[in-house]
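A short write-up of the structure that comes next.
Residue numbers (the working numbering): 174 to 311.
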């Protein structure tokens, strides 16, 4: 089952190959009649760039749209940002600790091993952007 995450947003700007959408999330009281007067700290504003659009000229600034993403995208983003680096750090920590018996060197090595990982992510950001992209619905 491929569930979708949906958020309403307003087009803030339109670039050559992307649309920037501003999303305001209010988790607690979207149904409440006094929601605009309270709970302002619970509102979060996010800016999302949406790529891979064929009909970019059909959209206008300040147009209200719905930004969607599948839950698979969410899992893949968490995997790339947190789970894989954690596994790399732990494996490096144990390998260096078992071979050198130096805790300080093990800790430093487990941190510095992430530098090549994030460099590889940076240089593959275009490919990652294609796989972890949002879509627009009207």
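Virtual Cβ for every residue (Gly too), placed ideally from N, Cα, C.
Excluding five sequence neighbours on each side, which residues of the same chain lie with their C-beta closer than 7 Å to the C-beta of residue i?
i	result
residue 282	265 and 269
residue 232	184, 187 and 192
residue 276	270
Who are the Cβ neighbours of residue i in its own chain at under 8 Å, not counting the five residues just before and after it?
i	result
residue 239	179, 180, 181, 182, 309, 310 and 311
residue 257	290
residue 278	269
residue 280	266
Under 8 Å, do residue i and residue j count as touching if we go by C-beta distance?
i	j	result
residue 307	residue 244	no
residue 303	residue 225	yes
residue 253	residue 287	no
residue 250	residue 305	yes
residue 194	residue 234	no
Hey, out of the options, whose CA is closest to residue i's CA?
i	options	result
residue 218	196, 236 and 291	196
residue 246	189, 301 and 190	301
What is the DSSP secondary structure of residue i, counted as helix, strand or coil?
i	result
residue 181	strand
residue 240	strand
residue 222	strand
residue 304	helix
residue 176	coil
residue 286	coil
residue 234	coil
residue 274	coil
residue 193	strand
Between residue i and residue j, which are expected to be in contact by the criterion C-beta below 8 Å, what is the C-beta distance as a whole number of angstroms?
i	j	result
residue 261	residue 290	6 Å
Grab me the residues of residue i's own chain with a C-beta within less than 6 Å of its C-beta, minus the 5 sequence neighbours each way, in chain order.
i	result
residue 177	241 and 243
residue 236	184
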